[in-house]
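Before any comments, here is the structure.
Protein chains: 2
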Amino acid sequence: MSLLERVKTCHFWQPENYRPFIINNEIHGHIAHDLATKLKDFNTVFNVSSQSVTLSDKLTTFESRTGEVESAIKVLVKEGIIPRWRDEEYAVTNSWHLPPLLKMDRGASGHFGIRSYGVHVNGLVKTEEGLKVWIGKRSLAKPNAPGELDHIVAGGQPYGLSILENLIKEAEEEANIPQAISSTAKATGMVSYRCERPDGLKNDHLYIYDLYLDESFIPQNMDGEVEEFYLWPIEKVIDRITKTDDFKYNVSLVLIHFLIREGYLTPDDDIYSDLIEGMHRQAITS
Amino acid sequence: MSLLERVKTCHFWQPENYRPFIINNEIHGHIAHDLATKLKDFNTVFNVSSQSVTLSDKLTTFESRTGEVESAIKVLVKEGIIPRWRDEEYAVTNSWHLPPLLKMDRGASGHFGIRSYGVHVNGLVKTEEGLKVWIGKRSLAKPNAPGELDHIVAGGQPYGLSILENLIKEAEEEANIPQAISSTAKATGMVSYRCERPDGLKNDHLYIYDLYLDESFIPQNMDGEVEEFYLWPIEKVIDRITKTDDFKYNVSLVLIHFLIREGYLTPDDDIYSDLIEGMHRQAITS
Chain P
1 MSLLERVKTC HFWQPENYRP FIINNEIHGH IAHDLATKLK DFNTVFNVSS
51 QSVTLSDKLT TFESRTGEVE SAIKVLVKEG IIPRWRDEEY AVTNSWHLPP
101 LLKMDRGASG HFGIRSYGVH VNGLVKTEEG LKVWIGKRSL AKPNAPGELD
151 HIVAGGQPYG LSILENLIKE AEEEANIPQA ISSTAKATGM VSYRCERPDG
201 LKNDHLYIYD LYLDESFIPQ NMDGEVEEFY LWPIEKVIDR ITKTDDFKYN
251 VSLVLIHFLI REGYLTPDDD IYSDLIEGMH RQAITS
Chain Z
1 MSLLERVKTC HFWQPENYRP FIINNEIHGH IAHDLATKLK DFNTVFNVSS
51 QSVTLSDKLT TFESRTGEVE SAIKVLVKEG IIPRWRDEEY AVTNSWHLPP
101 LLKMDRGASG HFGIRSYGVH VNGLVKTEEG LKVWIGKRSL AKPNAPGELD
151 HIVAGGQPYG LSILENLIKE AEEEANIPQA ISSTAKATGM VSYRCERPDG
201 LKNDHLYIYD LYLDESFIPQ NMDGEVEEFY LWPIEKVIDR ITKTDDFKYN
251 VSLVLIHFLI REGYLTPDDD IYSDLIEGMH RQAITS
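Chains P and Z, in that order, give the protein sequences. Residue 1 is where the first sequence starts when you use the UniProt record's numbering, and the numbers rise one by one after that. Residue 1 is where the second sequence starts when you use the UniProt record's numbering, and the numbers rise one by one after that.
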């Protein structure tokens, strides 16, 4: 059954292709060998060995770590080794609730394999014909996953905002949802995964919310990131996830989380336990 | 915060106190050293080394494994090494959907540390004052967790029944819920854990269902296993789980799973990710 393929996609990475990225004696990411070798150029910032990359322990403050790492990343972007400077700041921390050790541009986060955080919102409508789900088609102009199917609202978690503040901001930008509505979104869980993607090693925690919308509400994209919105019966969503990979890989994971919670999958499905254990970073074994 | 303590309780075990129990080259359980030593008495059934206990590979069929292991367990019960013969059969399998390798009496399952399965049902009532939850107080006569707080319906998964068939059977026995109502229960997920308890090493998968009941429905215990039922506001349930360990340890885990799904906990709670990752067998790290 293809749902299990969707989950496996989110957990595929090969540790042997990476070196741990260590800050303060803790692993905070994984760096591919080529980039690790290149980081030897910045020997006041990184200590590179064949086994690991360690952030210099002379960088003891949030500010000094942020400044030195940023300077190095800007050189790497200029040289085309890291493709994009995104001008969005991510906190570097192994737990969203701990003070971050530094902040890092989002364009570099996958290349350092740091843990990053995001918020995904299921846009749901109860109708007489049954449950429907708002699905966005990502702009064809997006460098990342153009044209793939997405949630009504989803976004990376920037440094300095709470999860709910970010949800409210993204809901406004992506779907023109006013705060009075978006703030009614209900927290329903989290998925985590680590996998190799074109933009690096994604090591993500996604916080999931369900937002029930009136039938009269029509989302409208404000920031050019969504090509079109569709309101699909849940059965069509299930069919599409099961038979295609049209949904962005992590959107599939969040939708499967929804199907589990809402009883569309049951213990009678023989992949039930594997799907559930696949909601988190540990790779599923079968 | 005590919710994290509740979750940690479900994952506490010390692997060094056990030897793996191996069938067909796969680990299917863990056996404490004392019992492992004792199993040397049954050398046509078990091969005991200092590192493991292996079921004899001369036992190649479901019937022969079941028969030989049962004979050994009956001796162990007679000698008081395993306290109870429960006369309920558990399937021995690492996945509920695989054909079991043998069946084993429930009274021995914890002593062999085999994976066992169960079904837990949240009995829920939407009222004008808010959500209420049916809570059972376990009979003081129960050998296991007497007087502790429990779900309206919960039970181990016997060999030969589907999960839903077992739910319907237990709903009838424990709370006098007719099949027309119990069969509307919605599958909402699964928790798994391995922990040391008085009755052995519990290595459980619990399938979770939500059952919404009319306000007019009053549960009634039929099998003497429940002392009394209470209908509590969800806030009282949360207060009791957070401040006491009055709930049976695994019932707490299932209730926390509910609180996560239903938005009573949010990413703003600093233990959110740890609680979510603690819903599964992997031990939480903090």
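Beta carbons: idealized from backbone N, C-alpha and C, even for Gly.
**Item:** Neighbourhood of residue 77(Z) by C-beta, 6 Å cutoff - its chain only, sequence neighbours within 5 removed
**Value:** Here residue 77(Z) corresponds to residue number 77 of the second sequence, with the count starting at 1. Excluding positions up to five away in sequence, the list reads 85.
**Asked** Closest to residue 59(P) by CA distance: which of 52(P), 51(P), 47(P) is it?
**Response** Locating residue 59(P) in the first sequence gives position 59, counting from the first residue. With distances taken between Cα atoms, residue 59(P) lies closest to 47(P).
**Item:** Rounded Cβ spacing between residue 224(P) and residue 109(P) (contact assumed at less than 8 Å)
**Value:** Counted from its first residue, the first sequence places residue 224(P) at position 224. Counted from its first residue, the first sequence places residue 109(P) at position 109. Residue 224(P) to residue 109(P), Cβ: 22 Å. No contact.
**Request:** Determine the contact status of residue 87(Z) and residue 248(Z), defining contact as a CB-CB distance below 8 Å.
**Result:** Numbered from 1 along the second sequence, position 87 holds the residue referred to as residue 87(Z). Numbered from 1 along the second sequence, position 248 holds the residue referred to as residue 248(Z). Contact flag unset, no.
**Request:** Please go through the same chain and pick out, in chain order, the residues whose beta-carbon is closer than 6 Å to the beta-carbon of residue 222(Z), but skip the five residues on each side of it.
**Result:** The residue given as residue 222(Z) occupies position 222 in the second sequence. Excluding sequence positions up to five before and after residue 222(Z), its CB lies within less than 6 Å of the CB of 173, 176, all in the same chain and listed in chain order.
**Message:** Classify residue 17(P): buried if its beta carbon has 16 or more other beta carbons within 10 angstroms, exposed otherwise.
**Reply:** In the first sequence, counting from the first residue as 1, residue 17(P) sits at position 17. Counting Cβ neighbours within 10 Å, residue 17(P) comes out exposed, since fewer than 16 surround it.
**Message:** Run through chain P and tell me which residues come within less than 9 Å of residue 13(Z), C-beta to C-beta.
**Reply:** Here residue 13(Z) is taken as the residue at index 13 of the second sequence, counted from 1. Within 9 Å Cβ-Cβ: nothing; residue 13(Z) doesn't reach chain P, min ~18 Å.
**Asked** Just the Cα atoms here: how many angstroms apart are residue 50(Z) and residue 74(Z)?
**Response** As a first step, residue 50(Z) is located in the second sequence; it is residue number 50 there, counting from the start. As a first step, residue 74(Z) is located in the second sequence; it is residue number 74 there, counting from the start. Taking the straight line joining both Cα atoms gives about 24 Å.
**Message:** Which runs of the beta strand (DSSP E) at least 3 residues long sit entirely within the UniProt domain "Nudix hydrolase" (116-257) of chain P? Give them in chain order.
**Reply:** 130-138, 149-151, 153-156, 186-197, 200-212, 226-233, all fully within the UniProt domain "Nudix hydrolase" (116-257) of chain P.
**Span of the beta strand (DSSP E), counted from its first residue to its last, around residue 34(P)** = As a position in the first sequence, residue 34(P) is number 34, starting the count at 1. Unbroken run through residue 34(P) is the alpha helix (DSSP H), 33-38; no beta strand (DSSP E).
**Message:** Using only CA atoms, which one of 211(P), 162(P), 264(P) lies nearest to residue 187(Z)?
**Reply:** Within the second sequence, residue 187(Z) is the residue found at index 187, counting from 1. That would be 264(P), whose Cα lies nearest to the Cα of residue 187(Z).
**Request:** May I ask you to list, following chain order, the residues of the stretch 156-189 of chain P that have a beta carbon less than 8 Å from some beta carbon of chain Z?
**Result:** Listed by position, the residues of the stretch 156-189 of chain P near chain Z (Cβ gap below 8 Å) are 162, 163, 164, 186, 187, 188, 189.
**Prompt:** Got a sec: is the Cβ-Cβ distance from residue 270(Z) to anything in chain P below 8 Å?
**Reply:** As a working mapping, residue 270(Z) is identified with position 270 in the second sequence. Closer than 8 Å to some Cβ of chain P, the Cβ of residue 270(Z) qualifies, so yes.
**Asked** Is the distance from the Cβ of residue 123(Z) to the Cβ of residue 213(Z) below 8 Å?
**Response** By 1-based counting over the second sequence, the position of residue 123(Z) is 123. By 1-based counting over the second sequence, the position of residue 213(Z) is 213. Yes, these two residues count as a Cβ contact at 8 Å.
**Request:** Count the other C-beta atoms from every protein chain shown that fall within 10 angstroms of the C-beta of residue 193(Z), then say buried if there are 16 or more, exposed otherwise.
**Result:** Taking the second sequence and counting its residues from 1, the one referred to as residue 193(Z) is at position 193. Buried, because 16 or more other Cβ atoms sit within 10 Å of the Cβ of residue 193(Z).
**Message:** At the 8 Å Cβ level, is residue 28(Z) part of the contact set with chain P, yes or no?
**Reply:** In the second sequence, counting from the first residue as 1, residue 28(Z) sits at position 28. So, not an interface residue.
**Prompt:** alpha helix (DSSP H) containing residue 42(Z): first to last residue?
**Reply:** As a first step, residue 42(Z) is located in the second sequence; it is residue number 42 there, counting from the start. It is not in any alpha helix (DSSP H) - residue 42(Z) carries neither H nor E in the DSSP assignment.
**Message:** Within 10 Å of its beta-carbon, does residue 211(P) have 16 or more other beta-carbons around it, so buried, or fewer, so exposed?
**Reply:** The residue given as residue 211(P) occupies position 211 in the first sequence. Residue 211(P) should be labelled buried.
**Asked** Who are residue 103(P)'s beta bridge partners in DSSP?
**Response** For the purposes of this step, residue 103(P) is identified with residue 103 of the first sequence, where counting begins at 1. Note: residue 103(P) sits in a beta bridge opposite 91(P).
**Prompt:** With DSSP run on the structure shown, which of helix, strand or coil describes residue 54(Z)?
**Reply:** The count along the second sequence starts at 1 and reaches residue 54(Z) at position 54. Correct three-state label for residue 54(Z): strand.
**Request:** Identify whether residue 19(Z) lies in helix, strand or coil by the three-state DSSP scheme.
**Result:** Residue mapping note: residue 19(Z) aligns to position 19 of the second sequence, counting from 1. Residue state, collapsed to three classes: strand.
**Request:** Under 9 Å between beta-carbons, which chain Z residues line up against residue 96(P)? List them in chain order, please.
**Result:** Within the first sequence, numbered from 1, the residue matching residue 96(P) stands at position 96. In chain order: 267, 270, 272, 273.
**Request:** Mind checking which residues open and close the alpha helix (DSSP H) that includes residue 67(Z)?
**Result:** Here residue 67(Z) refers to the residue found at position 67 when the second sequence is read from its first residue. Unbroken alpha helix (DSSP H) run through residue 67(Z): 62-78.
**Asked** When the distance is taken between beta carbons, is residue 208(P) closer than 8 Å to residue 254(P)?
**Response** Numbered from 1 along the first sequence, position 254 holds the residue referred to as residue 254(P). Numbered from 1 along the first sequence, position 208 holds the residue referred to as residue 208(P). It is a contact, given that the beta carbons lie within the stated cut-off.
**Residues from the stretch 254-265 of chain P in contact with chain Z, defined by Cβ distance under 8 Å** = 260, 261, 262, 263, 265
**Item:** Cβ neighbour criterion (16 or more within 10 Å) applied to residue 35(Z)
**Value:** The sequence position of residue 35(Z) within the second sequence is 35, counting from 1. Within 10 angstroms of the beta-carbon of residue 35(Z) lie 16 or more other beta-carbons, which makes it buried.
**Prompt:** Does residue 276(P) get closer than 8 Å to chain Z when you measure Cβ to Cβ?
**Reply:** Here the question's residue 276(P) lines up with position 276 in the first sequence. Yes, because at least one Cβ of chain Z sits closer than 8 Å to the Cβ of residue 276(P).
**C-alpha distance - residue 67(Z) paired with residue 267(P), whole-angstrom precision** = The count along the second sequence starts at 1 and reaches residue 67(Z) at position 67. The count along the first sequence starts at 1 and reaches residue 267(P) at position 267. Approximately 29 Å, taken between the alpha carbons.
**Request:** Kindly indicate the opening and closing residues of the alpha helix (DSSP H) around residue 262(P).
**Result:** Indexing the first sequence from 1 puts residue 262(P) at position 262. Looking at the DSSP string, residue 262(P) is not in any alpha helix (DSSP H), and its letter there is neither H nor E.
**Asked** Three or more C-beta pairs closer than 8 Å, one from the stretch 158-166 of chain P and one from the stretch 223-237 of chain P: is that the case here?
**Response** Verdict: no, contact absent.
**Under 8 Å between C-beta atoms of residue 237(P) and residue 166(P)** = The residue you call residue 237(P) lines up with position 237 of the first sequence. The residue you call residue 166(P) lines up with position 166 of the first sequence. For residue 237(P) and residue 166(P), no; Cβs fall outside 8 Å.
**Message:** Does chain P have any CB closer than 8 Å to the CB of residue 207(Z)?
**Reply:** Within the second sequence, residue 207(Z) is the residue found at index 207, counting from 1. For residue 207(Z), the nearest CB of chain P lies under 8 Å from its own CB, placing it at the interface with that chain.
**Message:** By the 9 Å beta-carbon criterion, what residues does the stretch 137-154 of chain Z contribute toward chain P?
**Reply:** none
**Asked** From the beta carbon of residue 280(Z), is the nearest beta carbon of chain P less than 8 Å away?
**Response** As a first step, residue 280(Z) is located in the second sequence; it is residue number 280 there, counting from the start. Chain P contact via Cβ: present.
**Helix, strand or coil at residue 278(Z) [DSSP, three-state]** = Indexing the second sequence from 1 puts residue 278(Z) at position 278. Correct three-state label for residue 278(Z): coil.
**Item:** Cβ-Cβ separation, residue 30(Z) to residue 201(Z) (assumed contact under 8 Å), whole Å
**Value:** By one-based count along the second sequence, residue 201(Z) stands at place 201. By one-based count along the second sequence, residue 30(Z) stands at place 30. That belief holds up - the Cβ atoms of residue 201(Z) and residue 30(Z) are roughly 6 Å apart, short of 8 Å.
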